[in-house]
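With our numbering as the guide, the letters of the sequence shown map in order to residues 1 to 282. Just so you know, even glycine gets a beta-carbon here, dropped at the ideal spot from N, CA and C. In this text the structure is predicted, and so the values were computed from the model without any measurement. Working notes, beginning with the structure itself.
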Amino acid sequence: MSQYVFLAGAISGLAEGMSIQPLELLKTRFQINEGKPLKIIPTVKEIFREGGLLQFYRGGLPEIAGLIPRATAALSTLEFSRRTFRSWHAGELPTPYAYLSGGLCGITEGIVFSPFQVIKVRLMAKEHLGRYKNTLDCLAKVVSAEGISALTIGLGPTLWRNCIWNSLYYGTMFEVDKRLKPLDNAWLEAGRTIAVGTGVGVMATCFNAPFDVVKSRFQSQLPTSRKYTSTFSTLATIYREEGPRSLYKGFVPKAVRLGVGQSIGLMTFQNCLVLFDAKDKS
Numbered sequence: 001m002s003q004y005v006f007l008a009g010a011i012s013g014l015a016e017g018m019s020i021q022p023l024e025l026l027k028t029r030f031q032i033n034e035g036k037p038l039k040i041i042p043t044v045k046e047i048f049r050e051g052g053l054l055q056f057y058r059g060g061l062p063e064i065a066g067l068i069p070r071a072t073a074a075l076s077t078l079e080f081s082r083r084t085f086r087s088w089h090a091g092e093l094p095t096p097y098a099y100l101s102g103g104l105c106g107i108t109e110g111i112v113f114s115p116f117q118v119i120k121v122r123l124m125a126k127e128h129l130g131r132y133k134n135t136l137d138c139l140a141k142v143v144s145a146e147g148i149s150a151l152t153i154g155l156g157p158t159l160w161r162n163c164i165w166n167s168l169y170y171g172t173m174f175e176v177d178k179r180l181k182p183l184d185n186a187w188l189e190a191g192r193t194i195a196v197g198t199g200v201g202v203m204a205t206c207f208n209a210p211f212d213v214v215k216s217r218f219q220s221q222l223p224t225s226r227k228y229t230s231t232f233s234t235l236a237t238i239y240r241e242e243g244p245r246s247l248y249k250g251f252v253p254k255a256v257r258l259g260v261g262q263s264i265g266l267m268t269f270q271n272c273l274v275l276f277d278a279k280d281k282s
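Quick look at the structure:
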């Protein structure tokens with residue numbers, strides 16, 4: 001039945017990607033801006049002027065394409081690690097292991113997703129408009145000019161970002177789900193899941209947002225203008241030069257994007273497991 005777990009992860013990644021892409025663009029623009037913090041409405045208007053509604057999906061192909069293997073890796077790791085931990089504890093999943101399984105899935109997620117993020121950030125960055133024609137052109141130019149290793153740029157802060165957020169989100173959602181009674185109405189159940197997931201996502205984003213800013217700064221740099229070199233020195237540089245608020249640039253679209261997107265993804269994954277009769281029976 002393991003193949004159905006991977007398939008459920010792939011479907012959930014597609015569902016998540018299609019639902020939150022415009023928020024991903026806003027978040028990235030906010031994070032790589034080194035000047036005065038951007039505001040949501042003026043930034044939305046500026047993006048619309050650049051290319052209409054379709055501009056909100058610029059960089060969407062690598063993002064959505066990457067979410068499929070990312071969700072497959074993350075949710076499969078989450079599911080299989082939880083099954084393993086349950087087998088160690090007579091079918092029960094203790095709270096510390098619920099958080100640990102979240103952290104573990106952040107590792108596989110980060111490794112699989114990082115190359116797609118490099119291409120996405122290059123396409124979304126306002127500074128690079130006109131440099132790349134499309135996703136394949138961007139990929140070819142990045143690899144040609146910077147080598148294949150360029151696709152791993154920002155892996156360090158990506159792992160910090162993912163492990164912190166996934167541990168807090170999936171661990172807390174597991175605990176919340178244990179305490180909530182199921183609702184008879186499927187629409188109300190879905191609405192509650194998204195509402196609770198968004199709240200938990202906002203909480204988790206408070207802890208991982210600085211690492212996401214660092215990741216975006218890493219990945220937007222060209223070889224000729226490398227200002228940022230390591231995760232913690234970059235945190236210190238941004239704090240010193242731009243102030244502590246800059247470590248939370250893009251917080252609102254990021255928190256909503258993660259809370260809503262991951263809730264949709266997790267809900268899709270769990271329903272797919274039921275549909276495929278692949279849910280853990282323990």
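- Cβ neighbours of methionine 124 within its own chain (closer than 7 Å, five residues either side excluded): Leu25, Thr28, Arg29, Arg58, Gly59.
- Ranked by Cα distance from phenylalanine 251, the first of Tyr228, Asp212, Met18, Phe276 is Asp212.
- The three-state secondary structure of serine 230, taken from DSSP, is coil.
- Residue state for asparagine 208 is assigned as helix, using DSSP reduced to three classes.
- The alpha-carbon separation between glutamate 34 and serine 246 amounts to approximately 8 Å.
- For alanine 74, the secondary structure class from DSSP, reduced to helix, strand or coil, is helix.
- Residue range 155-179 is occupied by the alpha helix (DSSP H) that includes proline 157.
- Within the same chain, Cβ atoms closer than 6 Å to the Cβ of arginine 82 are found at Leu93, Ser101, the five residues on either side in sequence being excluded.
- For arginine 58, the three-state secondary structure derived from DSSP is coil.
- Taking a C-beta distance under 8 Å as the contact criterion, alanine 71 and serine 144 do not qualify as a contact pair.
- Under a 10 Å Cβ-count criterion, glycine 130 is classified as exposed, with fewer than 16 other Cβ atoms of the shown protein chains found around its own Cβ.
- Linking serine 149 to serine 230 through their CA atoms gives a straight-line distance of about 16 Å.
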